[in-house]
Amino acid sequence: MLYLTGASNPPSRELAKRRTVGLMVQPGSGYFQQIPHYRCYAADNGCFNPDTYVGDNAWLDWVTHRLPRQNCLFVVVPDVARQPDGELGGDPAATWEKFRYYGPIVRAVGFNAALVAQDGMEDMGNVDTQLGCCDCLFIGGSDAWKESPAALDLAAKARQMGKWTHMGRVNSYRRYAVASSNLIDSCDGTYLAYGPDVNAARLERWLLRGAQLHLWPKAGEHV
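Be aware that the sequence shown starts at 40, since it is given in my numbering, and climbs by one per residue.
Laid out in structure tokens, this is it:
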């Protein structure tokens with residue numbers, strides 16, 4: 040499984056030379072200039088933190104005029120990542136409405152469009168339509184839901200339809216194992232933003248184990 044790091048530093052760039060590590064960027068990220076150091080990258084939208092999101096117009100301008108088309112796996116279309124009380128889980132219906140508008144634009148300017156799956160997407164009556172319209176299904180939502188049978192079943196269905204699958208916020212051995220053992224194509228996290236010298240070595244061990252990872256870490260491993 041390909042790991043996209045949300046932080047670029049000397050240890051992550053060295054690891055990317057040896058292993059399946061790409062870069063995840065978003066508007067306002069200082070890591071945008073680091074794209075050439077990685078074999079591939081993807082572009083998130085920044086909606087995870089609504090207070091700092093640049094807005095749909097600025098996001099679209101960034102995608103259209105700043106992102107290199109070469110080696111881009113997908114662009115994450117703006118989503119509604121938070122519930123009214125600020126908790127994760129989002130709004131799958133509102134996320135779909137945003138995708139219906141911006142997904143075709145992302146494709147028209149030369150990128151694969153990723154739809155973010157939020158808690159409860161599995162209960163919507165148009166799941167097949169949603170999966171058919173996207174190039175990548177990005178498993179977002181709350182921590183509990185993203186590892187749930189419902190979310191993983193959505194990913195399996197997307198793969199059956201020939202779509203790329205991705206899981207966000209993978210910052211532990213255990214979650215990497217869940218994604219890898221469920222044949223998710225790629226994942227991302229900010230694991231290498233903290234203690235990169237130590238964590239790059241740990242991440243390399245995850246990558247080497249790949250789909251053979253056990254679901255629980257060794258004693259002393261970061262969780």
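Think of the CB as a built atom: it goes at the ideal place given N, C-alpha and C, for glycine as much as any other residue. This one's a predicted model, so the numbers in the text were calculated from it and none came from an experiment.
Quick check on the DSSP output: the alpha helix (DSSP H) that includes Val102 runs from which residue to which?
Asp95 to His104
Spell out the partners DSSP gives Gly263 in its beta bridges.
A question about residue 263 goes unanswered here, because the residues of the chain that appear run from 40 up to 262.
Please return the same chain residues whose Cβ sits closer than 8 Å to the Cβ of Ala258, not counting the five positions on each side in sequence.
Here Ala258 scores only 40 on pLDDT, less than 50, and its place in the model should not be relied on; the value that follows carries that caveat. None.
Reduced DSSP category for Cys172 - H, G, I as helix; E, B as strand; rest coil
helix
Decide if the stretch 154-161 is in contact with the stretch 123-140; the criterion is three or more beta carbon pairs, one per stretch, under 8 Å apart.
yes
Ignore the nearest five residues each way along the sequence and tell me which others in Met206's own chain have a CB closer than 7 Å to its CB.
Ile178, Lys185, Ala218, Ile223 and Cys226
Going by other Cβ atoms of all chains shown within 10 Å of its Cβ, with 16 needed for buried, is Pro117 buried or exposed?
buried
Taking Ala81 as part of the beta strand (DSSP E), name the residues at either end of that continuous run.
Tyr80 to Ala82
Take Gln73 and list the residues in its own chain whose beta-carbon comes closer than 7 Å to its own, dropping the five residues that flank it on each side.
Ser47 and Leu62
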